[in-house]
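Participant:
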Amino acid sequence: MSRQDYTVVGTRPIRPDGVDKVTGRALYGADVRLAGLLEGYVLRSPHAHARILRIDTSKAEALPGVKAVITAADLPPAEDRIIDLGEGAMPLSYIRGNVLAQGKVLYKGHAVAAVAAVNAHVAQEAAELIEVDYEPLPFVLTAREAMQEGAPLVLEDLKTKEFGKPSGKVSNVAEHFRWTLGDVEQGFAEAEVIVEREYHTTTVHQGYIEPQNATAFWNQDGRVEIWSSTQGAFVVRDSVAAVLNLPVSKVRATPMEIGGGFGGKIRVYLEPVAALLSRKSGRPVKIVMPRRDVFEGTGPTPGTYIRVKMGARKDGRIVAAEAWMAYEAGAYPGGMVASGAMCIFAAYDIPNVAIDGFDVQVNKPSTSAYRAPGATQAAFAAESVVDELAGKLGMDPIDFRLRNAAREGTRRADGPKYRRIGCVEVLEAMKNHPHYTAPLEGPNRGRGVAVGFWFNVGLSSSCTLSVNPDGTVNLVEGSTDIGGTRASIAMQAAEVLGIAAGDVRPNVVDTDLVGYTAVTGGSRTTFATGWAAYEAAQDVVRQMAARAARLWDVEAGQVTFERGVFRHGERSISFKELAARLDETGGPVMGRATVNPRGVGGSFAGAIADVEVDPETGKTTVLRFTSVQDAGKAVHPGYVEGQMQGGSAQGIGWALNEEYFMSPEGAMLNASFLDYRIPTTLDLPMIDTVIVEVANPGHPFGVRGVGEANIVPPPAALANAIYRAAGVRMRRLPMKPSAILEAIRAQRE
Amino acid sequence: MQTKVRVHTTVNGEPAEFLCEPRQSLLECLRDILGLTGAKEGCNDGNCGACTVILDGRPVNSCLVLGVEAEGRTILTIEGVARGNTLHPLQQAFLEQAALQCGVCTPGFIVAAKALLEAEPDPSEARIRQYLANNLCRCTGYDKIVRAVQQAARMLQGVEA
Amino acid sequence: MKWFDYAAPRTLAEAVGLLAAQPGALALAGGTDLLVQMRSGRKSTHLLVDVKHVPEMNELSFDSTRGLTLGAAVPCCRIFEDRAVARVYPALAEVAALIGGTQIQSRASIGGNLCNAAPSADSIPVLIAYSATCTVAGPAGLRRIPAEEFCTAPGRTVLQPGEVLTGLHLPPPPARFGARYLRFIPRNEMDIAVAGAAVSVALDNGAIRAARIALAAVAPTPLLVHEAGVALAGRPVSEETVQAAAEMARAAAQPITDMRGTADYRRHLCAVLTRRALETAIARAREGK
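Listed in order, the protein sequences are those of chains A, B and C. Mapping of the first sequence onto our numbering: residues 92 to 840, in sequence order. Mapping of the second sequence onto our numbering: residues 19 to 179, in sequence order. Mapping of the third sequence onto our numbering: residues 2 to 290, in sequence order.
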């Protein structure tokens, strides 16, 4: 278990950006105000799949108040190449194509043209005057449809990669991989109980309350400045540079405060468009996406079809597991089936495993990461099967999982062996929690459990620290702060320096001011940028030790530092006191560090859910919910709890009500918060949290990223609870009232 | 002839006069004309509450009020909640309870909760949840928001500092 | 939105005059439906006539002999906060408190809910259950229409060019009267009803003297199930009676399948909601509420 005797790490200071956020002073992307600012509007495809025959923008350009109109024709020519942005590599042509459609539109909502005008109303009016001639094409909306022989092709030149190698075959399957461990056929032959089931999940959206936005100014010196709400300013910089064929030195990306991301604000949508409009008009241009465009024109998470087969012996050991997973990547490849496949059986030590994964193109928006991308869908399937297996074996659901739990040394089907991980500890915390044994009385009520995993990522971060004469420290970093990471990063520096959390003042800055820092995502920020702060603080300590040595006229190596105090023999000086004397000992002190840590620790999470199902309407009420997660070391427990509660809430919404309701023409019918139903205050109980701390051996404080794994268990936990409440096994998400009622009635017959 | 309309209103206790097009929402007028960007646009159709302001004592979605309808009315925005240099107990409680993550829904919640506590100083958890159901949050799952409102209620009643 | 002009008349005559003189002008009360529709392009106008400054539109008064007078622009929050309404017309207070959420209720009016004429409108079945009549002002003067006849098709009403709804009148309920509206939504607030049932009963010596059942979201307009009211009159209060009423509601429903629910699901819900609402209405009537 993790150390408990830190001074700052593990406490709950008020976040340094908090006052600005509770007073409305904090500036988010849409709050940018510049002299001469124009507002923009994007025209989008009404068709799920169509060839663009002709675009005539003349009427739009003629409307008074319009200052610029662009289409893909305004994109500077750029050689296609593979670029790595944020969380994966992709051909540049796909990124450019998604920003402004070239030749074909691939989904309803695909951006086709854009207008900049004196205000957004005029821009929208003008966009509606742009004439586009389309030739509608046949389209596909589900993975299985798209995989069939003869299905309409979304990307006509996409050749399937089979088992890691190009196959030369053109199809809607961008990639098919197969991972194996042991011998599944042999394993199933040994199994005494087998369960095999099919699961379907529909497209869902991250649902951040703040729409995408971007403001751009293409200056007369050829420099492009971008202000946007993004999970990664360096991704913005690099994407804009790549899409517009500019050197990165010509682009400066400033991350504004961001109103939620969850993976959906890593990719650029508006930034290059705003930049082009700015170049054409000579003025800064701001575009804020209307809510309907957020649903139709950004990157929701894949809908999926997953088949899971698991076999166990009567003694409770799982001997074989198989999964066949087809994920809808949307219009371009990258449907996160691989990460789903990494997580699907990750909680278990299974000797024989086979996983087939298919990344499938369909005529829907190009999907993006959504909090543990791909894992939630996978866990819905696998954890439901595990529940059935436990039932058939007559074992308690947690005991069954403990019997098979992954531990240090367990090998996953995708290859890696676990270092020290907390799967067992999470399961035990669930089992020992009062919720698990609390009586649940009354008809139509049931309790379910599930666990989930996310591997977390490391990637690069940079940090600099400057020591102020009053003993406070300015911290400069490049990780946009979505959930309080500014605070948890500062706390790690403060811990090293032996000063109060409030004495480290963090600043999230733009790409001109800090070294490369990868996205805020992948549960990496507290882990990796925190580590950069840790290393930068160590750098400061080394330099200041040398200053103390100079004061005392001793060798630097003989000065010790502990809990904020430098010592040599009888002499001591505190960090604060020494800070006041930097000038006389050689001048200012700045610490710096860049990290690309390898010691990432995955996080296991668990959920216990109590539900009541109204047997006459199928409506599910969540009565009680407990979230358990291994944080390694909770730097700021309040923010760790917040991540757990937030991920749980998203998982509950995903489980019970959220879906893209598609028309036969391939349009989303419910592109608003009215009918895309995320949970309100009335739809959730208090969410209890238990932070388990199994230190990550690869991090100085034992930190494991916590942002993501908590969304993974809730849908399966709710499915298992609904089974006990209503007697039906739900195999489709969402488990909405009409679906549950239908299942109840079907069962009665 | 497209003529703008002159609107006279009181915002955060001060007279505020502005020129706007009838089609501009109160939200647009507050943000783009008066520079009060604390109220946010989340959906523009009354479903998320991020644009909540108090209009003549009632919390409203300012995206569904026209700027011209504010004529002669009194408006309170998030920028007017703090008392000079001192945070309102709701603001303090939100910070202490870590009731915000990305913070974009926070102004709307604080303004709505302020209206609640002024009308009902000691609301139950169920009542708090019901009153705030028009405010969506995607980050927190609402647990800490409800606790912050409960703490603020205690602070306002003098039960807690 | 396209440009429009805005007028805020101070008298009913002025409002009617503006609406009559400008074809295509639209009346604005709370704006919580209208502005959304104008932004999505579903409705458009070159003149918005804000009726919130017309005194008749803001009236809210109760008299035990004459009943309740409810101005068309009175926002929901004034309705459910009114003690007389809460005491005498509890189902009306309840529906005013469930439309949208708090911020919507600060602005949205039941008059507006009626004029928007959505098949799924929550308040209209309640008005029907309370036997409300609508007062309409126009160039030709005033006229009155029963609430169940006001909506003619989805989004359409009996209002002629130049006419505007000024208010509603609910008669005083008799003794031993109870009413209740229940709707089904997938979440717990903020949703459009998948189906809704409003029921009112007047009891007489343990039997049902009169009853009205009205349904939401299962027909092109809010639906008064006339035959159910007729069938219930004179019946004893019993499980069979309640079940029969629920079945009549189910049979009367003509729902469509859309993204909010299938026709089958809506028919099923009609029966469930009618039964539950009727049970509560009867309980309230017995308590003399």
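Ideal placement from N, C-alpha and C gives every residue a C-beta, glycine not left out.
Please name the residue, chosen from C:166, C:126, C:144 and C:232, that lies closest to residue 278 of chain C on a Cα-to-Cα basis.
Facilitator: The shortest Cα separation from residue 278 of chain C among C:166, C:126, C:144 and C:232 belongs to C:126.
Participant: Apart from the five residues just before and just after residue 47 of chain C, which ones in its own chain have a Cβ nearer than 7 Å to its Cβ?
Facilitator: So the qualifying residues of the chain are 5, 6 and 25.
Participant: What residues in the region 819-830 of chain A bring their beta carbon closer than 8 Å to a beta carbon of chain C?
Facilitator: Those would be 827, 828 and 829, in chain order.
Participant: Does the CB of residue 266 of chain C have a neighbour CB from chain A at under 9 Å?
Facilitator: Cβ-Cβ to chain A under 9 Å: yes for residue 266 of chain C.
Participant: Please tell me whether residue 320 of chain A and residue 121 of chain A are closer than 9 Å, where the distance is taken between their beta carbons.
Facilitator: Yes, Cβ-Cβ distance for residue 320 of chain A and residue 121 of chain A is below 9 Å.
Participant: Identify the contact partners of residue 262 of chain C in chain A, using a Cβ-Cβ distance below 8 Å as the criterion.
Facilitator: Per Cβ cutoff of 8 Å: 829.
Participant: Kindly indicate the opening and closing residues of the alpha helix (DSSP H) around residue 516 of chain A.
Facilitator: That run of the alpha helix (DSSP H) goes 514-523.
Participant: State yes or no: is the C-beta of residue 635 of chain A within less than 9 Å of the C-beta of residue 673 of chain A?
Facilitator: Contact flag set, yes.
Participant: Which bits of chain C does residue 175 of chain A rub up against, with CB to CB less than 8 Å?
Facilitator: Going along chain C, no residue has its Cβ under 8 Å from residue 175 of chain A, so there is no contact; the nearest lies around 39 Å.
Participant: Quick one: using the 10 Å Cβ neighbour count with 16 as the cut-off for buried, is residue 140 of chain A buried or exposed?
Facilitator: Classification of residue 140 of chain A: buried, given that the 10 Å Cβ count is 16 or more.
Participant: Going by DSSP, which residues form a beta bridge with residue 622 of chain A?
Facilitator: Answer is none; residue 622 of chain A lacks a bridge partner.
Participant: So, does the CB of residue 169 of chain B fall closer than 9 Å to a CB anywhere in chain A?
Facilitator: So no, residue 169 of chain B is outside the interface.
Participant: Can you tell me whether residue 652 of chain A is helix, strand or coil according to DSSP?
Facilitator: Here residue 652 of chain A sits in strand by DSSP.
Participant: Pull up the distance between the alpha-carbon of residue 158 of chain C and that of residue 57 of chain C, whole angstroms please.
Facilitator: Between residue 158 of chain C and residue 57 of chain C, the C-alpha separation is close to 20 Å.
Participant: Relative to the C-alpha of residue 746 of chain A, which residue among A:461, A:824, A:737 and A:834 is closest?
Facilitator: For residue 746 of chain A, the nearest C-alpha among the options comes from A:824.
Participant: Does any C-beta atom of chain B lie closer than 9 Å to the C-beta of residue 29 of chain C?
Facilitator: Judged by the 9 Å Cβ criterion, residue 29 of chain C is in contact with chain B.
Participant: Around the C-beta of residue 532 of chain A, are 16 or more other C-beta atoms found within 10 angstroms, so that it is buried, or is it exposed?
Facilitator: Classification for residue 532 of chain A: exposed.
Participant: Taking 6 Å as the limit between beta carbons, can you name the residues of its chain near residue 632 of chain A, skipping five residues before and five after?
Facilitator: Closer than 6 Å at Cβ, skipping near neighbours: 652.
Participant: How many Å lie between residue 187 of chain C and residue 822 of chain A at the Cα?
Facilitator: C-alpha separation (whole angstroms): 19 Å.
Participant: Could one say the Cβ of residue 53 of chain C lies closer than 9 Å to chain A's Cβ atoms, at least one of them?
Facilitator: With 9 Å as the cut-off, residue 53 of chain C does not count as an interface residue toward chain A.
Participant: Determine whether the beta carbon atoms of residue 119 of chain B and residue 198 of chain A lie at a separation below 9 Å.
Facilitator: In this structure, residue 198 of chain A does not lie closer than 9 Å to residue 119 of chain B by Cβ.
Participant: Quick one: which chain A residues come within Cβ less than 7 Å of residue 44 of chain C?
Facilitator: Residues of chain A passing the Cβ test: none, with the nearest at roughly 16 Å.
Participant: Using a Cβ-Cβ cutoff of 7 Å, what residues of the region 85-118 of chain C are near chain B? List them in chain order.
Facilitator: Residues 101, 102, 103, 104, 105, 107 and 108.
Participant: Check whether chain C comes within 9 Å of residue 47 of chain B, counting only Cβ atoms and requiring the distance to be less than that.
Facilitator: Chain C, which has no Cβ nearer than 9 Å to the Cβ of residue 47 of chain B, makes this no.
Participant: I need the straight-line Cα distance from residue 264 of chain C to residue 829 of chain A, nearest angstrom please.
Facilitator: Their Cα atoms are separated by approximately 11 Å.
Participant: For residue 826 of chain A versus residue 813 of chain A, is the C-beta spacing smaller than 9 Å?
Facilitator: Taking 9 Å as the Cβ cut-off, residue 826 of chain A and residue 813 of chain A qualify as a contacting pair.
Participant: Taking the continuous beta strand (DSSP E) assigned at residue 597 of chain A, which residues delimit it?
Facilitator: Here the beta strand (DSSP E) through residue 597 of chain A covers 595-599.
Participant: Suppose only complete runs of 3+ residues qualify. What are the beta strand (DSSP E) ranges in the region 153-241 of chain C, listed by chain order?
Facilitator: Qualifying beta strand (DSSP E) stretches, in chain order: 165-171, 178-185, 196-205 and 208-217.
Participant: Would you please state the rounded distance, in angstroms, between the beta carbons of residue 315 of chain A and residue 307 of chain A? I believe it to be under 8 Å.
Facilitator: Indeed they touch by this definition, with Cβ atoms about 6 Å apart.
Participant: Would you kindly work out how many angstroms separate the C-alpha atoms of residue 649 of chain A and residue 797 of chain A, rounded to a whole number?
Facilitator: Distance between the alpha carbons of residue 649 of chain A and residue 797 of chain A is about 39 Å.
Participant: With a threshold of 9 Å between beta-carbons, can residue 21 of chain B be considered close to chain F, or not?
Facilitator: Included in the structure are the protein chains A, B and C, with no chain F among them.
Participant: Given this structure, state the Cα-to-Cα distance separating residue 287 of chain A from residue 414 of chain A, to the nearest angstrom.
Facilitator: Each residue's Cα considered, the two are about 10 Å apart.
Participant: For chain B, is any of its Cβ atoms less than 9 Å away from the one on residue 594 of chain A?
Facilitator: Answer no: the Cβ-Cβ gap between residue 594 of chain A and chain B never drops below 9 Å.
Participant: Three-state secondary structure (DSSP) at residue 135 of chain A?
Facilitator: DSSP places residue 135 of chain A in strand when its eight states are reduced to three.
Participant: Check residue 257 of chain A in the structure and name its three-state DSSP category.
Facilitator: Of the three classes helix, strand and coil, the one that applies to residue 257 of chain A here is strand, per DSSP.
Participant: Roughly how many angstroms lie between the CA atoms of residue 143 of chain B and residue 164 of chain B, to the nearest whole one?
Facilitator: Using only the alpha carbons, I get a separation of about 7 Å.
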